[in-house]
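In our numbering, the protein residues as written are 1310 to 1832.
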């Protein structure tokens, strides 16, 4: 694809209309360039448009937001089709040949055309999923071309819906001024985004829990075998909570914060007397909320399981059940599914298998899987740069440049953070060294003080024993310790000892004798 080629897709949901634009990378990943959404609960019910004007306004707003983010004009978009009236029916076409004939592609095409001509009242075929072809009386194959036979039976799974479903979508896009690149079946797009090849081959049921509807798609041997849309979804849970005279907004918050699809019997005792509330505006007993939520979830899942049984593949789902959609994040939904179906292999797919790249954030709670599937399925360029707006023509180069700048910025920030952390670590090391040094000095000062006090005490003891020389020696040692707060005490005690030395009677006697001797010598 050229540098200015983009794919744009729109999903018309009962809760919101979402739009996305992106580019397919060579490695299979998707470069998401723009994403936008608008609430649609007042114009779309159970996947079907009922207010064309409001839907047109929402479409215009979503696409305008995409164009603003893209800096480009959108010419056309891929549109997902789903809703309550979408379902699958089986049809068989038989060709009895006059003689043994090699089956040609032209013969298969004619059978396909005959299949599309089946009579439907107020409904139309949206897509055809060929099943196995029966050659002769018993041989089944998916590739009949080239086989010699006098009889071929073609089995087809037709996806049908009310005529108004597609015509209303077409009218809204016409009013909004945008072309539809292609109408894509939303359930098939979801499966392409969520299911692995192994799951489709081994056999699985994909259950898409939406706001107003729940879609069941059954796959086996890489083929869609059954499709049904149940007119029940997470909004029904909210409405059930509203029946307790709780405002819809508060009921929705109670559901999002506290609802659980299944509660273990052993946990029921823990909920006795427990209450839930939202901002103190409404209060509901925990066991009452559980009863309401679990009853509605059970009803929905029983309908889901009934559709799986009707598909005649309920015992052939080696890959189990895959849950997706915005309501798939309801806690313990997998346990509730097991409780109804007894199928142990259950996977919750809140994000698709396709790797998404870019700075654009889209919900990763299962609600965007269909939109990603539509984007992945699209092939044609949908966007055209509008030079009149003065934006850079090569938007991809600009985007890649911005991503490289963002990467370099992130790298610089990482290095700066590492350098900052290293500096902080060094500062902490130096601080700890300084603290240790101060602590050691304090310990040494404390020891000098203790030693000084000990020497003063010993000097005092020696003084009292009239061993003045020893006392003065002890005081000299104390003075050498340089304990400032003890200098005055040492000086005072030294002076006292010196005075005592002078007042010593023995010394006075010696001095007197010495003086007398000196006098006699003079005479």
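Just so it is clear, CB atoms sit at the ideal spot from N, CA and C, and this is done for glycine as well.
Proximity of residue i and residue j at Cβ, strictly below 9 Å
i, j, result
"residue 1604", "residue 1632", "no"
"residue 1356", "residue 1538", "yes"
"residue 1337", "residue 1316", "no"
"residue 1389", "residue 1321", "yes"
"residue 1385", "residue 1452", "no"
"residue 1608", "residue 1629", "no"
"residue 1635", "residue 1574", "no"
"residue 1361", "residue 1395", "no"
"residue 1372", "residue 1345", "yes"
"residue 1683", "residue 1493", "yes"
"residue 1768", "residue 1783", "yes"
"residue 1532", "residue 1439", "yes"
"residue 1787", "residue 1765", "yes"
"residue 1686", "residue 1387", "yes"
"residue 1472", "residue 1427", "no"
"residue 1496", "residue 1661", "no"
"residue 1459", "residue 1408", "yes"
Through-space distance from residue j to residue i, alpha-carbon basis
i, j, result
"residue 1366", "residue 1383", "16 Å"
"residue 1469", "residue 1498", "16 Å"
"residue 1601", "residue 1350", "22 Å"
"residue 1558", "residue 1418", "53 Å"
"residue 1465", "residue 1424", "7 Å"
"residue 1430", "residue 1378", "43 Å"
"residue 1319", "residue 1410", "46 Å"
"residue 1375", "residue 1500", "25 Å"
"residue 1312", "residue 1690", "Only weak support exists for where residue 1312 lies, its pLDDT of 38 falling under 50; the value from the coordinates is given anyway. So the alpha carbons of these two residues sit roughly 10 Å apart."
"residue 1725", "residue 1714", "16 Å"
"residue 1735", "residue 1727", "12 Å"
"residue 1733", "residue 1748", "22 Å"
"residue 1699", "residue 1482", "Its pLDDT being 42, under 50, residue 1699 is placed unreliably by the model, and nothing is read from it."
"residue 1268", "residue 1393", "Only positions 1310 to 1832 of the chain appear in the structure, and residue 1268 is not among them; the question remains open."
"residue 1625", "residue 1529", "8 Å"
"residue 1352", "residue 1364", "6 Å"
"residue 1674", "residue 1342", "20 Å"
"residue 1775", "residue 1811", "12 Å"
"residue 1614", "residue 1647", "10 Å"
"residue 1588", "residue 1562", "10 Å"
"residue 1546", "residue 1478", "28 Å"
"residue 1413", "residue 1454", "5 Å"
"residue 1723", "residue 1731", "12 Å"
"residue 1701", "residue 1381", "Caution is warranted here: a pLDDT of 40 is assigned to residue 1701, below 50, making its placement in the model unreliable, and the coordinate value is therefore given only provisionally. Going by the C-alpha atoms only, they are around 10 Å apart."
"residue 1805", "residue 1744", "41 Å"
"residue 1329", "residue 1619", "35 Å"
"residue 1741", "residue 1756", "22 Å"
"residue 1548", "residue 1354", "14 Å"
"residue 1770", "residue 1797", "18 Å"
"residue 1696", "residue 1314", "Residue placement at residue 1696 is poorly supported in this model, since its pLDDT is 47, which falls under 50; the coordinates are not used for a value here."
"residue 1358", "residue 1420", "34 Å"
Among the options, the one whose alpha carbon lies nearest that of residue i
i, options, result
"residue 1523", "1530, 1610, 1583", "1610"
"residue 1541", "1757, 1766, 1765, 1323", "1323"
"residue 1463", "1782, 1450, 1642, 1754", "1450"
"residue 1564", "1680, 1363, 1593", "1593"
"residue 1781", "1808, 1722, 1314", "1808"
"residue 1368", "1733, 1775, 1661, 1326", "1326"
"residue 1461", "1476, 1444, 1345, 1672", "1444"
"residue 1585", "1560, 1574, 1608, 1572", "1560"
"residue 1432", "1448, 1397, 1421", "1397"
"residue 1340", "1626, 1663, 1777, 1766", "1663"
"residue 1534", "1543, 1484, 1510, 1642", "1510"
"residue 1401", "1442, 1412, 1672, 1373", "1442"
"residue 1638", "1520, 1625, 1346", "1520"
"residue 1656", "1354, 1447, 1348, 1508", "1508"
"residue 1773", "1333, 1739, 1802, 1583", "1802"
"residue 1572", "1798, 1404, 1403, 1642", "1642"
"residue 1506", "1480, 1737, 1621, 1627", "1627"
"residue 1621", "1358, 1399, 1405", "1399"
Cβ of residue i within 9 Å of any chain C Cβ
i, result
"residue 1543", "Here chain C cannot be found, since the structure has a single protein chain."
- prompt: Taking only runs of the alpha helix (DSSP H) that begin and end inside the stretch 1571–1651, which ones reach a length of at least 4 residues, in chain order?
  reply: Whole alpha helix (DSSP H) segments, 4+ residues: 1595–1619, 1642–1650.
task: Let me know the alpha helix (DSSP H) ranges lying completely inside the stretch 1411–1465, each 4 residues or longer, listed in chain order.
output: Here the runs fully enclosed are 1414–1425.
- prompt: Quick one: any contact between the stretch 1503–1515 and the stretch 1524–1536, if contact means 3 or more CB pairs under 8 Å?
  reply: With a cut-off of 8 Å, the stretch 1524–1536 and the stretch 1503–1515 count as touching, because enough Cβ pairs lie within range.
query: Do the stretch 1587–1601 and the stretch 1543–1562 make contact, defined as three or more Cβ pairs closer than 8 Å?
result: Result yes; three or more Cβ-Cβ pairs closer than 8 Å.
- prompt: Taking three-plus beta-carbon pairs below 8 Å as touching, is the stretch 1567–1576 in contact with the stretch 1476–1494?
  reply: Segments in contact, no.
field: Three-pair Cβ contact test at 8 Å for the stretch 1786–1800 versus the stretch 1759–1770
entry: Put simply, the stretch 1786–1800 touches the stretch 1759–1770. At least three CB pairs are less than 8 Å apart.
task: Could I get the ranges of all uninterrupted alpha helix (DSSP H) runs contained in the stretch 1776–1813, with 4 residues as the minimum, in chain order?
output: Counting whole runs of 4 or more residues, the stretch 1776–1813 contains the alpha helix (DSSP H) stretches 1777–1789, 1793–1811.
field: the stretch 1502–1509 in contact with the stretch 1662–1680 per 3-pair CB rule at 8 Å
entry: Enough Cβ pairs lie closer than 8 Å, so yes.
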